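Everything on this sheet refers to the single structure shown next.
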Amino acid sequence: MKIKVVIDRFDGEYAVCEKEDRSMLNIPRSHLPVGVKESDVLVIEGDKIQIEVKETKCKKAKTAKITKDLWK
Amino acid sequence: MNERSRQITSIIRKLSLFVVCLLILVGCSSKTSVKTSTLPVIPSTAVSTTGFNTSSTVLEVYFLDVGQGDSEILRYGDSTMLIDAGTNQSTNTLLTDIKNLGITKFNVIIATHPHEDHIGGLDGVINLYPFDEIFMPKTPQVTTKTFQDVLTAIKNKSKQITSPIPGSVLNFGDCQCTILAPNSQNYDDLNNYSIVLKLVFKNVSFLFTGDAQVLSENEMLAKGYNLKADVLKVGHHGSETSTSLNFLNAVAPKYAAIEVGAGNDYGHPKATTLQKLAAANVNVYRTDLNGTIRMFSDGSTIQIGTAK
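First to last, the protein sequences are chains A and B. Each residue of the first sequence is one higher than the one before, starting from 1020 at the first, in my numbering. Each residue of the second sequence is one higher than the one before, starting from 383 at the first, in my numbering.
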């Protein structure tokens, strides 16, 4: 089963990730690919975790669209 | 007057004397800390002069127990402010607290930075309550649904977000609120974008720090801001990444509030932070141990009550 999450933040030993239903999931940093950053989208399949570069870009574009002219 | 009436009159006199003595005692001490579980921690209307030897408006500050997240509510007469909105999971708790406080709108909302443990309930609040102004730091594109939902909620209310400008002052009743951070445009860690707010009410002051880390603390020190505050909302749930000794010495608080979840996975608050606070003789209140913490002030004294 594939789970898609977004890294919200890093706290202690964990990356605190957001699932698509906005529930949160702690993933040990040691299980993550090297170089992961906040806001990266990850796909978890079994014990394999990968960064979804395209999906990350897509979500960033969505945020950019919503934030357009939102700040004074 | 019969014997029974005389006895009652005598008891009333003794009680009155006791109350007067108590008021004198309270009035004499510069800061009063009352830890109690008998009074309701969240009153349904603005507090007037309860317990204070004054006729002026009382400032109410609530450090809400929202688990492993931050949320503070401030009220001064009709003026209300929300600083952060807890986690996604604590949204219902936050909405219940706001309802129980009898709040119907917010004059100011501050989302210190866009992490889920600070903005989780914010879209819920914005969807339910009108507000005048919202402050959020301009950050790189955050991709969580939590953040996008907050932005959409603001957009749906046809509101715009104000960027925090350090040194700028926002009015909140008779309190002076000054934004002290963030002092840079770009940080690697979203925590350092945290809006830091200092509130001064007559002779009493509070410092709300969000998750600002040592980097941001050093920037505030370098800017020469007056960081001195009676109450410090400890940065980043008591993590060792905040509350550097230099910063703590500059704030020199009498009281500290740590908003932290019981048995959290991150080891917050860290022993090193607690040791620094203890060495500085700071009275520490924690939402994991004390539940919601409320602080009432008349501008010269602070009364502290906790839910447990």
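Heads up, the beta-carbon is just placed ideally off N, CA and C, and yes, glycines get one too. As the structure is a prediction and not an experimental result, all values here were calculated from the model.
Drop a sphere of 10 angstroms on the beta-carbon of residue i, count the other beta-carbons inside from all chains shown, and report buried for 16 or more, exposed for fewer.
i: Asn568 (chain B); result: exposed
i: Thr427 (chain B); result: exposed
i: Lys652 (chain B); result: buried
i: Ile1026 (chain A); result: buried
i: Lys1067 (chain A); result: exposed
i: Glu621 (chain B); result: Here residue 621 (chain B) turns out to be Ser, not Glu, going by the sequence shown. It is buried - the Cβ of Ser621 (chain B) has at least 16 other Cβ atoms within 10 Å.
i: Ile516 (chain B); result: buried
i: Gln542 (chain B); result: exposed
i: Val633 (chain B); result: buried
i: Thr486 (chain B); result: exposed
i: Lys527 (chain B); result: buried
i: Asp499 (chain B); result: buried
i: Ser679 (chain B); result: buried
i: Ser1042 (chain A); result: exposed
i: Gln685 (chain B); result: buried
i: Cys1077 (chain A); result: exposed
i: Asn631 (chain B); result: exposed
Can you check which of these residues, the options, is closest to residue i by C-alpha distance?
i: His495 (chain B); options: B:Gln530, B:Val551, B:Asn574, B:Ala660; result: B:Asn574
i: Thr688 (chain B); options: B:Ser438, B:Leu446, B:Ser426, B:Leu441; result: B:Leu446
i: Ser682 (chain B); options: B:Val613, B:Val633, B:Met463, B:Leu659; result: B:Val613
i: Ser472 (chain B); options: B:Gly643, B:Lys658, B:Gln657; result: B:Gly643
i: Ser626 (chain B); options: B:Leu603, B:Glu641, B:Tyr607; result: B:Leu603
i: Arg668 (chain B); options: B:Asp479, B:Phe513, B:His650; result: B:His650
i: Arg1028 (chain A); options: A:Gln1069, A:Glu1064, A:Ala1080, A:Leu1044; result: A:Leu1044
i: Leu659 (chain B); options: B:Leu456, B:Thr525, B:Asn628; result: B:Asn628
i: Lys584 (chain B); options: B:Ser566, B:Gly592, B:Ala611; result: B:Ala611
i: Val507 (chain B); options: B:Gly606, B:Phe590, B:Ile424, B:Asn474; result: B:Asn474
i: Ala639 (chain B); options: B:Leu572, B:Tyr444, B:Lys690, B:Ile424; result: B:Tyr444
i: Lys539 (chain B); options: B:Asn509, B:Gly449, B:Phe434, B:Val586; result: B:Asn509
i: His619 (chain B); options: B:Val423, B:Val429, B:Ser453; result: B:Ser453
Taking only the alpha-carbon atoms, compute the straight-line gap between residue i and residue j and give it to the nearest angstrom.
i: Leu562 (chain B); j: Ala493 (chain B); result: 14 Å
i: Ser1049 (chain A); j: Val596 (chain B); result: 25 Å
i: Gly459 (chain B); j: Leu581 (chain B); result: 16 Å
i: Gly484 (chain B); j: Asp466 (chain B); result: 18 Å
i: Asp1059 (chain A); j: Glu1074 (chain A); result: 9 Å
i: Val416 (chain B); j: Val490 (chain B); result: Note that Val416 (chain B) has pLDDT 48, beneath the 50 cutoff, so the model's placement of it is unreliable and no number is given.
i: Ile480 (chain B); j: Ile675 (chain B); result: 14 Å
i: Glu601 (chain B); j: Phe488 (chain B); result: 30 Å
i: Lys1087 (chain A); j: Glu641 (chain B); result: 33 Å
i: His497 (chain B); j: Gly451 (chain B); result: 10 Å
i: Glu1057 (chain A); j: Val1035 (chain A); result: 9 Å
i: Met463 (chain B); j: Lys520 (chain B); result: 20 Å
i: Glu599 (chain B); j: Leu477 (chain B); result: 31 Å
i: Gly1031 (chain A); j: Pro1052 (chain A); result: 17 Å
i: Phe590 (chain B); j: Lys615 (chain B); result: 5 Å
i: Ile1070 (chain A); j: Val1062 (chain A); result: 6 Å
i: Phe529 (chain B); j: Met677 (chain B); result: 30 Å
i: Asn470 (chain B); j: Asn608 (chain B); result: 34 Å
Determine the DSSP secondary structure at residue i, reduced to helix, strand or coil.
i: Met602 (chain B); result: helix
i: Thr688 (chain B); result: strand
i: Thr462 (chain B); result: strand
i: Leu361 (chain B); result: Within the shown structure, residues of chain B are numbered from 383 to 690, placing residue 361 (chain B) beyond reach of any answer.
i: Ser1049 (chain A); result: helix
i: Lys1073 (chain A); result: helix
i: Ala1034 (chain A); result: strand
i: Glu498 (chain B); result: helix
i: Thr469 (chain B); result: coil
i: Ile491 (chain B); result: strand
i: Asn565 (chain B); result: coil
i: Asn509 (chain B); result: helix
i: Lys1067 (chain A); result: strand
i: Asn474 (chain B); result: helix
i: Ala653 (chain B); result: helix
i: Val616 (chain B); result: coil
i: Asn1080 (chain A); result: Here residue 1080 (chain A) is Ala; the residue named in the question, Asn, does not match the sequence. If DSSP states are grouped into helix, strand and coil, Ala1080 (chain A) belongs with the helices.
i: Lys481 (chain B); result: helix
i: Asn379 (chain B); result: Since the first residue of chain B shown is 383 and the last is 690, residue 379 (chain B) is not available in this structure.
i: Gln558 (chain B); result: strand
i: Val596 (chain B); result: helix
i: Ala662 (chain B); result: coil
Check the C-beta distance from residue i over to residue j and give it rounded, since I have them as a contact under 8 Å.
i: Ile577 (chain B); j: Pro546 (chain B); result: 5 Å
i: Thr560 (chain B); j: Val551 (chain B); result: 5 Å
i: Val532 (chain B); j: Leu504 (chain B); result: 5 Å
i: Thr439 (chain B); j: Asp593 (chain B); result: Contact flag wrong, Cβ pair sits at about 31 Å.
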